[in-house]
Each structure stands twice: as C-alpha cells, then as structure tokens.
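I have placed the structure first, in the form of structure tokens, so that the comments after it can refer back to it.
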Amino acid sequence: VSGYISEEKEAIAQNFLIPQARSSSGLEDGQVLIETDALQSLIKWYCRESGVRNLQKHIEKSFLSSKDPTNDFLDKAKIHLHVPEGATPKDGPSAGVTIVSALLSLAMDRPIRQNVPMTGELSLTGKV
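Residue numbering for the sequence shown follows our numbering, starting at 82 and increasing by one per position.
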C-alpha cells in the first residue's frame with residue numbers, strides 16, 4: 082500500500098489536521114496561522130513517513146506551544162513515575178487521571194480544586 086504524496090498530505094493538513102488541532106487546543110481562528118510554505122517545509126523535511134501521524138504531531142505541537150509559549154516546565158522537568166502494584170489489593174489502575182491532573186497542575190502552575198473527586202485509568206495515548 083503506497084502512502085500519501087506531499088500534495089495529499091498538504092490537503093489533509095489544511096482540511097482536517099489544522100482545524101482539529103486548533104479546536105482541541107482551544108485557540109480561535111486567526112490566533113495561529115500555518116502558512117503554506119511552512120506547511121510544505123514541514124512535510125518535506127520533518128514528515129517523511131507514508132501517512133500523516135507525524136505531521137499531525139508537529140501541527141499539534143505548533144498549536145500547543147502557541148497557546149502558552151512561556152511555559153517550558155515540561156522541557157526542563159525530568160519526570161519519572163513508577164507506580165508498583167504494592168500489597169494493597171484494588172480493582173484496577175484507577176489513579177491515572179488523578180496523577181496526570183496533579184502533574185498538569187504543577188506544569189501549568191494552576192491549582193486543582195480540592196473538592197473534585199477523580200478516578201479512571203489512563204492509556205498511553207491519553208484516553209480515559
């Protein structure tokens with residue numbers, strides 16, 4: 082199965098990936114503009130795969146860094162989290178959402194309300 086050519090990747094990015102990244106990052110139209118030349122360079126030099134997953138990651142990264150460009154916490158921090166099973170029996174790995182919320186609170190310097198209960202397993206791709 083052959084992959085997408087550069088022109089197809091550009092059309093997919095313009096019609097689907099960029100609007101989706103804008104929406105999921107909470108930015109409005111016009112706050113971030115990815116020019117055609119920049120998109121073509123991104124496709125040519127950074128996204129040499131046959132599909133568009135890597136292109137999507139680069140586009141999302143552009144939108145997220147535009148949302149709060151001064152926040153470099155995750156660039157500087159070295160976080161290693163190891164949660165062994167331990168001796169306490171439980172129904173499942175339900176602390177994932179709580180742990181990630183605490184780390185995001187620390188990274189964004191925004192406290193979490195203390196009266197909000199949390200539970201839920203988190204997958205490696207961020208799905209609850």
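We treat Cβ as the ideally placed atom computed from N, Cα and C, and that holds for glycine.
Contacting residues, own chain, Cβ-Cβ under 7 Å from residue i (five flanking each side not counted)
i           : result
residue 201 : 175, 177, 178 and 209
Cβ-based neighbour list, residue i, same chain, cut-off 8 Å, excluding 5 preceding and 5 following
i           : result
residue 133 : 85, 90, 93, 94 and 98
Exposure label - residue i; buried when at least 16 CB within 10 Å
i           : result
residue 194 : exposed
residue 102 : buried
residue 123 : buried
residue 160 : exposed
Chain-order list of residues whose beta-carbon lies under 6 Å from that of residue i (same chain, five-residue window excluded)
i           : result
residue 261 : The chain is shown only over 82 to 209; residue 261 falls outside these bounds and no answer can be derived.
Coarse secondary structure for residue i, derived from DSSP in three states
i           : result
residue 198 : coil
residue 127 : helix
residue 192 : coil
residue 176 : coil
residue 110 : coil
residue 142 : helix
residue 99  : helix
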